[in-house]
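Asks:
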Amino acid sequence: MTTQFKLNQDEMRELIETRRDLHRHPETAFEEERTAGIVAERLEALGLSPVTGIAKTGVTAILEGDEPGPCVLIRADMDALPIFEESEEEYKSVVDGNMHACGHDGHTSVALSAARQLLKIKRPKRGSIKFLFQPAEEVGDGAKAMIEEGVLQNPKVDAAFGLHLWNYMPTGVVGVAPGPVMAAADLFTVDIFGEGCHGAQPHMGRDPVLAAAHVITAVQQIASRIVNPLTPVVVTVSQIHGGDAYNVIPDSVTIAGTIRTFDDQVWEGIPSLFQEIVERTAHAFDCTVEIDYKRAVRPVDNDPEMTALVREIAVEFVGEDNIVEEQTTGAEDFAEFLHHVPGCFFFIGSANHE
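This is the structure:
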């Protein structure tokens, strides 16, 4: 099987050129107009009939086999991040403030290459493959939006597969594991309200800075004292804003951050737990709070049977010694597909120090 999928020089050149072209022109969530256009153009050139405009910029195309059978979804995300690229490579971003820093240019190029190779070897013989090019993974909304527009139907998808280029592993290594491999991600913003006063007379006000400091410490109880220590939970407060003078206590302070876990049960209980800790801690300092808590994505939970299949195929390509069981507290909205159908999300090593 491995020889059938091996790219010749022209095919490899096209794969690299496509990836570099997409890298030069990064587009952020739901703005992937150019990228989607290139995807549709390439799919049409292969003889497929792409459907565009799904969830604004999403694209799908179906490769039919000769006989009826199951439908397998192959998903690639297309969006970039709002980051300035400092690279000196000739193919660096030409869009100031946007960058393909998470490899989605590679994911899109690989999926297009997979479509071409499958057509070349006349696969599948039975069933169908639905190629799905997704917008807005980085903001956690793209997969859900495409599912709501019916991409798991017509034909009904029986299994879903996706990958992530992973620069924490060297090239030639594949990371694949059953069960939860990427964490659920929740996002929170907390506004803490007190009463401002002069810093020399703190007794005249209600100090939201002091309350915020205690809230930041208190929410760490979720990971260190409330959840079973054998169940990983990450609580990170990554922002704190308040005040604009060195001698004035402000009226309010805002903190923001993220909470991650692999465990569905823990994930379900965290929002109410977080709210209770924040409110009670702030109230102890005579402050009030407003909490904006967003459930961004659920855990990526790989089906054991589908994972075993991916592992078996990966061994054919890279050998048993180059298979690792990779897990990360990063998040991925491919989880939404796996919530509806069995499948597997895996990692392809991309670190190359040359």
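Just so we're aligned: the sequence shown equals residues 697 to 1050 in the numbering used here.
Backbone N, C-alpha and C fix where the C-beta goes; we use that ideal spot for every residue, glycine too.
On a predicted model such as this, the values are computed, not experimentally measured, just so you know.
1) With DSSP as the reference, identify every bridge partner of V1020, one or two as the case may be.
2) For the alpha helix (DSSP H) that contains T714, what are its first and last residues?
3) If you count every other CB in all the chains shown that lies within 10 Å of the CB of T804, and 16 or more means buried, which is it?
4) T950 by DSSP, collapsed to three states: which one?
5) For the beta strand (DSSP E) containing M865, name the first residue and the last one.
6) Measure the C-alpha to C-alpha separation of T714 and I843 and round it to an integer number of angstroms.
7) Do N1048 and T885 have their C-beta atoms closer together than 9 angstroms?
8) What are the residues that DSSP puts in a beta bridge with F889?
9) Pull up the distance between the alpha-carbon of A908 and that of G892, whole angstroms please.
10) What are the partner residues of K675, as DSSP defines its beta bridges?
11) For the stretch 777–797 against the stretch 810–820, are there 3 or more C-beta pairs whose distance is under 8 angstroms?
12) Can you look up P876 in the DSSP assignment and give me helix, strand or coil?
13) Which same chain residues end up closer than 6 angstroms to V915 when comparing Cβ atoms and leaving out the 5 residues on each side of it in sequence?
14) With a 10 Å radius around its C-beta and 16 neighbouring C-beta atoms as the bar for buried, classify P746 as buried or exposed.
15) Can the beta-carbon of A880 be found closer than 9 angstroms to that of P1038?
16) Which one of G1026, I712, T724 has the shortest CA to CA distance from R956?
17) From G895, D773, G793, pick the residue whose C-alpha is nearest to that of E782; which is it?
Replies: Let's see:
1) DSSP links V1020 through a beta bridge to G871.
2) In this chain, the alpha helix (DSSP H) harbouring T714 covers 705–720.
3) By the neighbour-count rule (16 or more Cβ atoms within 10 Å), T804 is buried.
4) In the structure shown, T950 sits in a strand (DSSP, three-state: E or B).
5) Counting along the chain, M865 sits inside the beta strand (DSSP E) bounded by residues 855–866.
6) Whole-angstrom Cα-Cα distance: 27 angstroms.
7) Not in contact: N1048 and T885 (Cβ atoms no closer than 9 angstroms).
8) Beta-bridge partners assigned by DSSP to F889: S948, T984.
9) Cα to Cα, A908 sits roughly 14 angstroms from G892.
10) Absent from the structure is residue 675, since the part of the chain shown begins at 697 and ends at 1050.
11) Contact fails: fewer than three Cβ-Cβ distances are below 8 angstroms.
12) Residue state, collapsed to three classes: strand.
13) The answer, listed in chain order, is V931, I973.
14) P746 comes out buried.
15) At a Cβ-Cβ threshold of 9 angstroms, A880 and P1038 do not count as neighbours.
16) In this structure, G1026 is the residue among G1026, I712, T724 with its C-alpha nearest to the C-alpha of R956.
17) Nearest C-alpha to E782 among G895, D773, G793: G793.
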